[in-house]
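Colleague:
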Amino acid sequence: MDGSRIHPANFREIYTKACETFTHKLQCQVFVLLSQSPSPDMENIPTRLEELGERIIQIGFLGEIGEFGIRDDNRVRVRWNPLSIKEICFSIKWELGVLKDELAGGGDPLIVADLLVHLLDALPF
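The opening residue of the sequence shown carries number 240 in this note's numbering; numbering runs sequentially from there.
(1) If you drop the 5 nearest sequence neighbours on each side, which residues of the same chain put their C-beta closer than 7 Å to that of residue 307?
(2) Over what stretch of residues does the alpha helix (DSSP H) that includes residue 311 continue unbroken?
(3) Alpha carbon to alpha carbon, what distance is there between residue 269 and residue 355?
(4) Following the continuous alpha helix (DSSP H) through residue 364, name the residue where it begins and the one where it ends.
(5) Among 348, 363, 288 and 353, whose alpha-carbon lies nearest the alpha-carbon of residue 276?
(6) What are the start and end residues of the alpha helix (DSSP H) that includes residue 283?
(7) Distance, Cα to Cα, residue 297 vs residue 327?
(8) Is the separation between the beta-carbon of residue 305 and that of residue 261 shorter than 8 Å?
(9) Does DSSP put residue 249 in a helix, a strand or coil?
(10) Answer yes if the segment 287-302 comes into contact with the segment 332-339, meaning at least three C-beta pairs across the two stretches below 8 Å, and no otherwise.
(11) Among 293, 256, 343 and 274, whose alpha-carbon lies nearest the alpha-carbon of residue 332?
Structural data, given as structure tokens:
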């Protein structure tokens, strides 16, 4: 396989792996925020949320190019109904940016964790 090209045969696999990785990394940030013990990882959360914002944009473009649908779930439909996968991913990037700024400004980690859990519940993939 030529690493510079995406072959149609594995395009869905690449998209699925990107979605799984994003979800896992977002869950890890929630666990760090909910941790009772002080952790050096806490200082890195704003940076990680920014990185996740960039990853979600990539997922949005992959989803649009591959014409992958949105997960059929009531929470997803209620929250994102009229939007395409790319538009949803841009909205998620914006939300991650707001939460990053909230944490950087001294916001309550438990509230940010709760908002991230709601975002996880409504992921479109």
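Glycine included, every Cβ here is placed at the ideal spot set by N, Cα and C.
Modeller: Taking the definition as stated:
(1) Position 68 of the sequence shown, counted from the first residue, corresponds to residue 307. The residues are 254 and 324.
(2) Working through the sequence shown from its first residue, we reach residue 311 at position 72. Residue 311 -> no alpha helix (DSSP H), and no H or E assigned at all.
(3) The sequence position of residue 355 within the sequence shown is 116, counting from 1. The sequence position of residue 269 within the sequence shown is 30, counting from 1. Roughly 7 Å separates the two Cα atoms.
(4) Against the sequence shown, residue 364 aligns to sequence position 125. First-last for residue 364: undefined, no H or E at that position.
(5) For the purposes of this step, residue 276 is identified with residue 37 of the sequence shown, where counting begins at 1. When only C-alpha atoms are compared, the closest one is 348.
(6) Position 44 of the sequence shown, counting from 1, holds the residue named residue 283. Note, residue 283: alpha helix (DSSP H), 280-304.
(7) Numbered from its first residue, the sequence shown carries residue 297 at position 58. Numbered from its first residue, the sequence shown carries residue 327 at position 88. Going from the Cα of residue 297 to the Cα of residue 327 covers about 12 Å.
(8) Looking up residue 305 in the sequence shown gives position 66. Looking up residue 261 in the sequence shown gives position 22. No.
(9) Position 10 of the sequence shown holds residue 249. DSSP places residue 249 in helix when its eight states are reduced to three.
(10) yes
(11) Along the sequence shown, one-based indexing puts residue 332 at 93. When only C-alpha atoms are compared, the closest one is 293.
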